[in-house]
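Q: In this text, residue positions in the sequence shown follow the working numbering: the first is 197, and each later residue adds one. Think of the CB as a built atom: it goes at the ideal place given N, C-alpha and C, for glycine as much as any other residue.
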Amino acid sequence: MELSAFPEFLLSAFDRFTVLAMFCTVFALVLDFMKRRKNCQNYPPGPWALPFIGNILQVDLNNPHLSFEKLWKKHGNVFSFEFGWTNMVILSGYETLKEALVKKSEDFADRPSLTIYEDVFRRVGEGIVFARYGHWWREQRKFSLSALRNYGLGKKSLEMRIVEEAGFLNEIFEGENGLPFDPHFSLNNATSNIICSIVFGNRFEYQDEKFLELLHTLGESFVLEGGFWGQLVNSFPFIRHFPGPHRKIFENQETFIRFLQETVTEHKVLWDPNEPRDFIDAFLAEQEKMKDDPKTSFRESNLIGTVIDLFAAGTETTSTTLRWALLFMVLHPGVQSKVHEEIDRVVGKERKPMLEDREEMPYTNAVIHEIQRFGNIVPISLPHQTYRDTEVMGYTIPKGTLIIPNLSSALFDENIWSTPHQFNPGHFLNSEGKFVKPEAFIPFSAGRRMCFGEQLAKTELFLFFTSMLQHFTFLLPENEPRPSYTEAEYGITRSPLPYRLCVELR
Numbered sequence: 197m198e199l200s201a202f203p204e205f206l207l208s209a210f211d212r213f214t215v216l217a218m219f220c221t222v223f224a225l226v227l228d229f230m231k232r233r234k235n236c237q238n239y240p241p242g243p244w245a246l247p248f249i250g251n252i253l254q255v256d257l258n259n260p261h262l263s264f265e266k267l268w269k270k271h272g273n274v275f276s277f278e279f280g281w282t283n284m285v286i287l288s289g290y291e292t293l294k295e296a297l298v299k300k301s302e303d304f305a306d307r308p309s310l311t312i313y314e315d316v317f318r319r320v321g322e323g324i325v326f327a328r329y330g331h332w333w334r335e336q337r338k339f340s341l342s343a344l345r346n347y348g349l350g351k352k353s354l355e356m357r358i359v360e361e362a363g364f365l366n367e368i369f370e371g372e373n374g375l376p377f378d379p380h381f382s383l384n385n386a387t388s389n390i391i392c393s394i395v396f397g398n399r400f401e402y403q404d405e406k407f408l409e410l411l412h413t414l415g416e417s418f419v420l421e422g423g424f425w426g427q428l429v430n431s432f433p434f435i436r437h438f439p440g441p442h443r444k445i446f447e448n449q450e451t452f453i454r455f456l457q458e459t460v461t462e463h464k465v466l467w468d469p470n471e472p473r474d475f476i477d478a479f480l481a482e483q484e485k486m487k488d489d490p491k492t493s494f495r496e497s498n499l500i501g502t503v504i505d506l507f508a509a510g511t512e513t514t515s516t517t518l519r520w521a522l523l524f525m526v527l528h529p530g531v532q533s534k535v536h537e538e539i540d541r542v543v544g545k546e547r548k549p550m551l552e553d554r555e556e557m558p559y560t561n562a563v564i565h566e567i568q569r570f571g572n573i574v575p576i577s578l579p580h581q582t583y584r585d586t587e588v589m590g591y592t593i594p595k596g597t598l599i600i601p602n603l604s605s606a607l608f609d610e611n612i613w614s615t616p617h618q619f620n621p622g623h624f625l626n627s628e629g630k631f632v633k634p635e636a637f638i639p640f641s642a643g644r645r646m647c648f649g650e651q652l653a654k655t656e657l658f659l660f661f662t663s664m665l666q667h668f669t670f671l672l673p674e675n676e677p678r679p680s681y682t683e684a685e686y687g688i689t690r691s692p693l694p695y696r697l698c699v700e701l702r
């Protein structure tokens with residue numbers, strides 16, 4: 197049928213619709229261009245991006261570090277990327293990371309605003325980890341480090357607390373009677389009890405169902421917030437208003453906040469500003485002292501945010517590292533035997549391992565560091581944001597640009613590690629068998645935003661690991677599939693898939 201056969205009013209309506217559709221399309225494309233435009237010269241190059249969604253289809257959101265590794269080899273140590281309308285720059289290679297995070301630490305010290313945490317920050321403050329760089333962050337970080345030291349960090353009292361908790365953990369393992377079991381939540385409980393003793397002034401029993409549920413919620417949140425759904429919501433904020441698996445992120449946040457608010461309320465009943473028992477008491481005392489300062493960060497809402505950071509950072513990363521540790525031990529029985537030999541020679545089978553033994557145990561120390569390197573717990577770190585206009589490796593990066601430090605690129609750099617893709621404790625031993633630590637070993641990141649719990653984590657890893665290996669031989673269960681270390685569950689941390697093992701009392 198010829199077009200002229202259509203009634204004139206229909207043609208007119210069709211024409212108007214066509215013009216409107218063309219106008220909306222052009223408007224949307226112009227808006228997209230304006231949103232993604234970089235207002236600076238010498239901005240880092242990157243892969244070609246699609247309108248509206250940017251480069252999101254070029255990244256496996258379940259394993260973004262693997263995608264960034266491929267892009268690193270193609271586009272170099274500094275390249276730009278777009279997640280929706282969010283401009284970001286990926287930094288790879290140790291020298292690049294060192295220039296940005298260490299030499300220009302303040303330039304890269306800020307944090308971006310992330311949609312998944314907006315409600316939390318409005319209710320309980322920014323805490324420390326995701327706080328914007330400035331007075332509040334400096335004040336809270338300084339206080340937190342001081343309070344951690346006051347309540348045991350670096351002191352014999354905390355060391356003895358970890359040794360005691362390691363004993364409780366060993367009792368749980370021994371109670372499995374050699375049968376296959378998953379060590380996940382026992383390790384979570386053990387490591388969380390250390391930070392709980394500092395923050396709350398008490399520990400929780402391994403059979404405490406309420407606390408186990410909280411640990412499950414924390415683990416689930418780490419996967420959701422740092423995984424596919426969390427990244428999707430951060431890239432396309434409107435998604436948060438629709439139903440879907442991402443809603444669990446906000447439900448879990450509410451559960452955690454409610455638990456901590458109840459804990460703080462209970463603390464206030466017996467609180468004596470002259471005799472602080474733990475971190476919460478110390479914060480309340482500082483809040484009372486600073487109550488007339490309108491610029492102070494010591495507000496009760498911010499207490500909850502800071503405690504969330506301490507609890508989450510002090511639990512999940514260390515327990516995840518220990519899960520990798522036991523997995524590597526059952527997969528590398530020869531390495532486990534050498535650790536057994538060194539523990540028997542230096543510590544013996546009766547005395548409990550102490551931190552001072554570390555200097556006399558270079559092989560065990562090397563194994564722990566290789567677990568951290570090869571386990572690759574936080575492969576792309578937490579996101580940074582440029583605090584001011586800056587340069588790195590000759591490229592100009594504007595203020596407010598989201599920065600992804602690709603820590604994996606340093607931990608697996610073929611120019612630094614002799615066998616980067618193999619589990620090899622020899623990476624941390626010299627020709628004389630003495631412990632050495634290459635400069636590129638940065639699992640805790642570097643610069644102003646490096647993990648403030650690094651010292652605590654190192655202490656826990658050594659004491660828990662040596663205590664477990666002193667008492668047990670860890671074995672693969674018979675007639676069960678061999679667990680894999682090449683596949684992992686990705687979130688804020690990269691953790692091994694669930695596995696089971698058996699223990700044999702030595």
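1. Jot down the residue ranges of each uninterrupted alpha helix (DSSP H) in the region 455-487, minimum 4 residues, whole runs only, in chain order.
2. Specify the secondary structure class of D256 as computed by DSSP and reduced to three states.
3. Going by DSSP, what residues sit across from E587 in a beta bridge?
4. Indicate whether S388 and T511 have their beta-carbon atoms separated by less than 7 Å.
5. Run through the DSSP bridge pairs and tell me what C698 is partnered with.
6. According to DSSP, which residues form a beta bridge with I638?
7. Provide the residue span of the beta strand (DSSP E) that contains M284, from first to last.
8. Note down, in chain order, each residue of its chain lying with its Cβ closer than 7 Å to the Cβ of E482, except the 5 sequence neighbours on either side.
9. Could you pull the start and end residues of the beta strand (DSSP E) that P692 belongs to?
10. Is DSSP giving H331 helix, strand or coil here?
11. So, do the region 610-620 and the region 326-333 have three or more beta carbon pairs nearer to each other than 8 Å?
12. If you drop the 5 nearest sequence neighbours on each side, which residues of the same chain put their C-beta closer than 8 Å to that of G363?
13. Could you please give the first and the last residue of the uninterrupted beta strand (DSSP E) stretch that includes F424?
14. State yes or no: is the C-beta of D306 within less than 7 Å of the C-beta of Y591?
15. Strictly by DSSP, which residues pair up with F631?
16. Just to check my reading of the structure: Y347 and D474 have Cβ atoms closer than 8 Å, yes? What is that Cβ distance to the nearest angstrom?
17. So, is V709 buried or exposed, given that buried needs 16 or more other C-beta atoms within 10 angstroms?
18. With DSSP collapsed to three states, give me the class of V274.
19. Tell me whether G501 sits in a helix, a strand or coil according to DSSP, three-state version.
20. How many whole angstroms separate the CB atoms of I539 and Q403, which I take to be in contact at a CB cut-off of 8 Å?
21. Expressed to the nearest angstrom, what Euclidean distance is found between the alpha-carbon atoms of E278 and F648?
22. Within the continuous beta strand (DSSP E) that includes E314, where are the two ends?
23. By Cβ distance below 7 Å, which residues in the same chain neighbour F223 in space, the five residues on each side in sequence not counted?
24. Using DSSP with H/G/I as helix, E/B as strand and the rest coil, what is Y686?
25. Would you list the one or two residues that DSSP bridges to D306?
26. Which same chain residues end up closer than 6 Å to E683 when comparing Cβ atoms and leaving out the 5 residues on each side of it in sequence?
27. So what's P601 in DSSP terms, helix, strand or just coil?
A: Taking the geometry as given:
1. 475-485
2. What you label residue 256 is simply residue 60 of the sequence shown in a count that begins at 1. Reduced to three states, the DSSP call for D256 is coil.
3. Within the sequence shown, residue 587 is the residue found at index 391, counting from 1. E587 is bridged to T592.
4. Numbered from 1 along the sequence shown, position 192 holds the residue referred to as residue 388. Numbered from 1 along the sequence shown, position 315 holds the residue referred to as residue 511. The answer is yes: Cβ separation under 7 Å.
5. The residue you call residue 698 lines up with position 502 of the sequence shown. Its beta-bridge partners are L671.
6. Position 442 of the sequence shown, counting from 1, holds the residue named residue 638. None, per the DSSP bridge assignment.
7. Position 88 of the sequence shown, counted from the start, is the residue given in the question as residue 284. Its beta strand (DSSP E) spans residues 282-287.
8. By one-based count along the sequence shown, residue 482 stands at place 286. Same-chain partners within the cutoff: F339, F494.
9. Taking the sequence shown and counting its residues from 1, the one referred to as residue 692 is at position 496. Per DSSP, P692 belongs to the beta strand (DSSP E) from 690-692.
10. On the sequence shown, residue 331 is found 135 positions in, with the first residue counted as 1. Three-state result, H331: helix.
11. no
12. For the purposes of this step, residue 363 is taken as the residue at position 167 of the sequence shown. Taken in chain order, the residues that qualify are K548, S663.
13. Walking along the sequence shown from the start, residue 424 turns up at place 228. In the DSSP annotation of this structure, F424 is not part of any beta strand (DSSP E); the continuous alpha helix (DSSP H) holding it starts and ends at 424-431.
14. Along the sequence shown, one-based indexing puts residue 306 at 110. Along the sequence shown, one-based indexing puts residue 591 at 395. Not closer than 7 Å, so no.
15. As a position in the sequence shown, residue 631 is number 435, starting the count at 1. Looking at the DSSP output, F631 sits in a beta bridge with L625.
16. Stepping through the sequence shown from its first residue, residue 347 is reached at position 151. Stepping through the sequence shown from its first residue, residue 474 is reached at position 278. Confirmed, Cβ separation roughly 6 Å.
17. As displayed, the chain neither begins before 197 nor continues past 702, which places residue 709 out of reach and without an answer.
18. As a first step, residue 274 is located in the sequence shown; it is residue number 78 there, counting from the start. Of the three classes helix, strand and coil, the one that applies to V274 here is strand, per DSSP.
19. For the purposes of this step, residue 501 is taken as the residue at position 305 of the sequence shown. When secondary structure is reduced to three states using DSSP, G501 falls in the helix class.
20. For the purposes of this step, residue 539 is identified with residue 343 of the sequence shown, where counting begins at 1. For the purposes of this step, residue 403 is identified with residue 207 of the sequence shown, where counting begins at 1. Contact flag wrong, Cβ pair sits at about 29 Å.
21. As a position in the sequence shown, residue 278 is number 82, starting the count at 1. As a position in the sequence shown, residue 648 is number 452, starting the count at 1. A straight-line Cα-Cα distance of about 30 Å links E278 and F648.
22. As a position in the sequence shown, residue 314 is number 118, starting the count at 1. Note, E314: premise wrong, no beta strand (DSSP E); alpha helix (DSSP H) at 314-320.
23. As a working mapping, residue 223 is identified with position 27 in the sequence shown. Here F223 scores only 49 on pLDDT, less than 50, and its place in the model is too uncertain to base an answer on.
24. Position 490 of the sequence shown, counted from the first residue, corresponds to residue 686. Looking at Y686 - three-state DSSP - the assignment turns out to be strand.
25. Within the sequence shown, the letter at position 110 stands for residue 306. DSSP, once it has assigned bridges, lists Q581 as partnering D306.
26. Taking the sequence shown and counting its residues from 1, the one referred to as residue 683 is at position 487. Closer than 6 Å at Cβ, skipping near neighbours: L693.
27. Along the sequence shown, read from residue 1 onward, the residue named residue 601 stands at position 405. Reduced to three states, the DSSP call for P601 is strand.
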